[in-house]
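First comes the structure, then the notes that go with it.
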Amino acid sequence: MRDAAVKKGAQTRRRIKDAFAGLLDRKSFASITVTDICRSAEMTVGGFYFHFKSQEVLLDEVMAEYAEALWKRIDHAARETGSARQARAVCEALLKGYELSPGVARAYHQLTRTRADYTQAWRAASEPRIAGLAALMRGDRPEIAPRKARFLAYALTTMIVSQLDLAFSPRERARAAPLPPRGEVLQRLVLLWTRMVAVERRRA
Amino acid sequence: MKPARQRRSARTRQKIKEALIGLLDEHNYFDLTIGDICRRAKVATGGFYFHYEKKVDLIDEVLREHSGRFWVALDAFLEYRDPYSAVYHTSSALVRAFHESPGLVRCFNQLAMIDRAYVQLWETAAGRWAAKLAQMLARSLPGTSPADLESIAYGMLSFFDQLLFGLYVEKHPGLVEAGGAFDEVVENLAVLWYRALTGQSPAPERLAYASRGGAI
Numbered sequence: 001m002r003d004a005a006v007k008k009g010a011q012t013r014r015r016i017k018d019a020f021a022g023l024l025d026r027k028s029f030a031s032i033t034v035t036d037i038c039r040s041a042e043m044t045v046g047g048f049y050f051h052f053k054s055q056e057v058l059l060d061e062v063m064a065e066y067a068e069a070l071w072k073r074i075d076h077a078a079r080e081t082g083s084a085r086q087a088r089a090v091c092e093a094l095l096k097g098y099e100l101s102p103g104v105a106r107a108y109h110q111l112t113r114t115r116a117d118y119t120q121a122w123r124a125a126s127e128p129r130i131a132g133l134a135a136l137m138r139g140d141r142p143e144i145a146p147r148k149a150r151f152l153a154y155a156l157t158t159m160i161v162s163q164l165d166l167a168f169s170p171r172e173r174a175r176a177a178p179l180p181p182r183g184e185v186l187q188r189l190v191l192l193w194t195r196m197v198a199v200e201r202r203r204a
Numbered sequence: 205m206k207p208a209r210q211r212r213s214a215r216t217r218q219k220i221k222e223a224l225i226g227l228l229d230e231h232n233y234f235d236l237t238i239g240d241i242c243r244r245a246k247v248a249t250g251g252f253y254f255h256y257e258k259k260v261d262l263i264d265e266v267l268r269e270h271s272g273r274f275w276v277a278l279d280a281f282l283e284y285r286d287p288y289s290a291v292y293h294t295s296s297a298l299v300r301a302f303h304e305s306p307g308l309v310r311c312f313n314q315l316a317m318i319d320r321a322y323v324q325l326w327e328t329a330a331g332r333w334a335a336k337l338a339q340m341l342a343r344s345l346p347g348t349s350p351a352d353l354e355s356i357a358y359g360m361l362s363f364f365d366q367l368l369f370g371l372y373v374e375k376h377p378g379l380v381e382a383g384g385a386f387d388e389v390v391e392n393l394a395v396l397w398y399r400a401l402t403g404q405s406p407a408p409e410r411l412a413y414a415s416r417g418g419a420i
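If you read the sequences in order, they're chains E and L.
If you use the working numbering, the first sequence closes out at 204, no skipped numbers anywhere.
If you use the working numbering, the second sequence closes out at 420, no skipped numbers anywhere.
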């Protein structure tokens with residue numbers, strides 16, 4: 001009896017989180033209300049507060065899940081051999097987050113730039129991955145100075161996130177800006193990465 | 205108004221605007237009061253209200269003027285026939301804007317989150333600039349498509365906006381250390397931009413940092 005209740009509780013939490021993620025695709029997180037979430041999840045406000053102390057707590061949990069999945073994908077991508085394959089794998093790892101839930105991905109990256117706690121967490125998590133990426137750069141281009149390789153690593157990751165933010169922004173924004181169609185986003189990311197790193201153009 | 209009064213009036217407006225820009229480097233826009241601005245500008249509050257009804261009217265004028273001047277300057281660099289020169293000077297103007305007035309940039313970003321008008325202002329100007337850059341480059345680079353170039357140019361501008369925000373406004377320690385001096389950041393970005401647009405590196409003799417420890 002107790003197991004069934006726990007299971008149902010977990011399902012309800014999942015339903016609330018999915019409803020929230022869906023709303024994020026259409027609205028900014030600042031404008032989403034508990035009423036919106038409840039309407040979308042088909043439950044009562046009281047029911048919501050039984051599972052989540054506040055909307056903040058819900059946001060933090062959804063973002064934490066997104067971040068955990070993201071870093072897992074990126075670390076997996078870093079295990080690819082060969083820089084061309086790694087480049088593609090890293091781009092895909094970031095792209096996947098946006099494809100699965102553009103609202104959550106956009107909100108997460110925006111939070112890492114606007115809220116101190118998220119900024120700290122992002123920096124702490126990205127530092128070792130940036131160092132790994134810089135090492136990869138130096139492997140392909142032995143003449144590049146370590147500090148330059150680090151700047152290049154920051155540049156590449158910022159480039160991918162900004163391109164994805166643009167490609168997956170709400171329709172009205174995308175209309176104003178010239179962008180490749182969604183299907184070609186990965187191609188464009190890999191192209192820009194390859195060009196920026198300039199491995200083929202290395203002078204002998 | 206008599207000419208002398210007009211000149212004084214224009215000077216007062218200028219003092220108010222400069223005071224706000226100075227204050228923004230030290231304080232959050234939302235924390236500033238009209239009193240703060242007047243004290244810094246050494247202008248009576250009455251003087252402020254003669255020119256501006258509310259704080260938001262002042263910041264709107266400042267942002268639109270800055271924005272206008274910035275994009276006009278960028279347009280001028282497109283007169284360079286040489287692609288790397290055009291890209292280099294654009295990079296320089298962009299880095300300078302962030303380096304000199306980080307407070308103003310931060311304020312612009314904060315307001316853009318609550319008022320779409322500022323987002324649209326940037327997007328429209330950036331779109332127009334990207335189209336012009338693409339036309340200019342397509343002339344010097346046979347076999348390239350202006351549409352592709354435009355899309356890349358716009359994407360890169362967005363990307364640099366975020367990178368420079370991290371560098372000069374948020375001052376992310378790792379990024380600041382890796383970026384180095386102003387000139388180095390300018391050149392790094394110029395090289396990356398040129399590579400993204402053309403698929404090639406600029407000739408080494410054009411780069412100041414190529415010899416000292418390699419280009420990016």
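Heads up, the beta-carbon is just placed ideally off N, CA and C, and yes, glycines get one too.
Counting every other CB atom within 10 Å of its CB across the protein chains shown gives L/Asn-392 a total of 16 or more, marking it as buried. Per DSSP, the unbroken alpha helix (DSSP H) holding L/Gln-218 starts and ends at 207-228.
With at least 16 other beta carbons inside 10 angstroms of its own, L/Ser-295 counts as buried. For E/Lys-148, at least one C-beta of chain L is nearer than 8 Å to its own C-beta. Counting other Cβ atoms within 10 Å of its Cβ, E/Ser-126 reaches 16 or more and is therefore classed as buried.
Identification of residues in the stretch 121-137 of chain E having a C-beta nearer than 8 Å to some C-beta of chain L yields Arg-123, Glu-127 and Ile-130, given in sequence order. Among the residues facing chain L, E/Arg-195 is included, as its CB has a counterpart in that chain under 8 Å away. Contacts between L/Leu-379 and chain E, judged by CB atoms closer than 7 Å, involve Tyr-154 in chain order.
For E/Thr-44, no alpha helix (DSSP H) segment is defined, and its DSSP state is neither H nor E. A direct Cα-to-Cα measurement between L/Ser-344 and E/Ala-153 gives close to 30 Å. Separation of L/Ala-290 and E/Ala-155 (C-alpha to C-alpha, rounded to the nearest whole angstrom) is 21 Å. Neighbours of L/Asn-392 across chain E, judged by C-beta separation under 9 Å: Lys-148, Phe-151, Leu-152 and Ala-155. Among the residues facing chain E, L/Phe-254 is not included, as its CB has no counterpart in that chain under 8 Å away. At least 8 Å separates the CB of E/Leu-24 from every CB of chain L.
Inside the stretch 89-145 of chain E, DSSP marks whole alpha helix (DSSP H) runs of 4 or more residues at positions 102-114 and 116-140, from first to last along the chain.
Proximity of chain L to E/Ser-162 at the Cβ level (cut-off 7 Å) is accounted for by Ser-362, Phe-363 and Gln-366, in chain order. L/Ala-412: not part of any alpha helix (DSSP H); DSSP gives it neither H nor E.
Two segments are said to touch when three or more pairs of C-beta atoms, one from each, lie closer than 8 Å; by this definition the stretch 301-316 of chain L touches the stretch 256-273 of chain L. By the neighbour-count definition (other C-beta atoms within 10 Å, threshold 16), E/Met-196 is a buried residue. Counting only residues of its own chain and dropping the five nearest sequence neighbours on each side, E/Asp-140 has a CB closer than 6 Å to the CB of Ser-83 and Val-199. For E/Thr-33, there are no C-beta contacts with chain L under 8 Å, since the nearest C-beta of that chain is about 17 Å from it.
Taking 8 Å as the cut-off, the beta carbon of E/Cys-91 is found no closer than this to the beta carbon of E/Ile-32.
No Cβ of chain L is located within less than 8 Å of the beta carbon of E/Met-63. Around the beta-carbon of E/Arg-79, fewer than 16 other beta-carbon atoms lie within 10 Å, marking it exposed. Taken through DSSP and simplified to helix, strand or coil, L/Asp-286 comes out as coil.
At a beta-carbon threshold of 7 Å, the residues of chain E lying near L/Arg-399 are Arg-195, Met-196 and Ala-198, ordered along the chain. The Cβ neighbour count for E/Gln-86, taken over all protein chains shown within 10 Å, is at least 16; the residue is labelled buried.
Contact of L/His-376 with chain E is assigned, a C-beta pair being separated by under 8 Å.
Excluding sequence positions up to five before and after L/Pro-406, its CB lies within less than 7 Å of the CB of Tyr-288, Val-395 and Tyr-398, all in the same chain and listed in chain order. Apart from sequence neighbours up to five positions away, the residues of its chain that approach L/Ile-241 with a beta-carbon distance below 6 Å are Ala-223 and Leu-224, ordered along the chain. With a threshold of 8 Å between beta carbons, E/Pro-170 makes no contact with chain L.
A direct Cα-Cα distance of roughly 11 Å separates L/Arg-273 from L/Ala-297. Selection L/Gln-314, L/Thr-216 and L/Asn-232 evaluated against L/Ala-245 yields L/Thr-216 as nearest (Cα-Cα). Around E/Thr-158, the beta-carbon contacts reaching into chain L at under 8 Å are Phe-363, Gln-366, Leu-367 and Gly-370.
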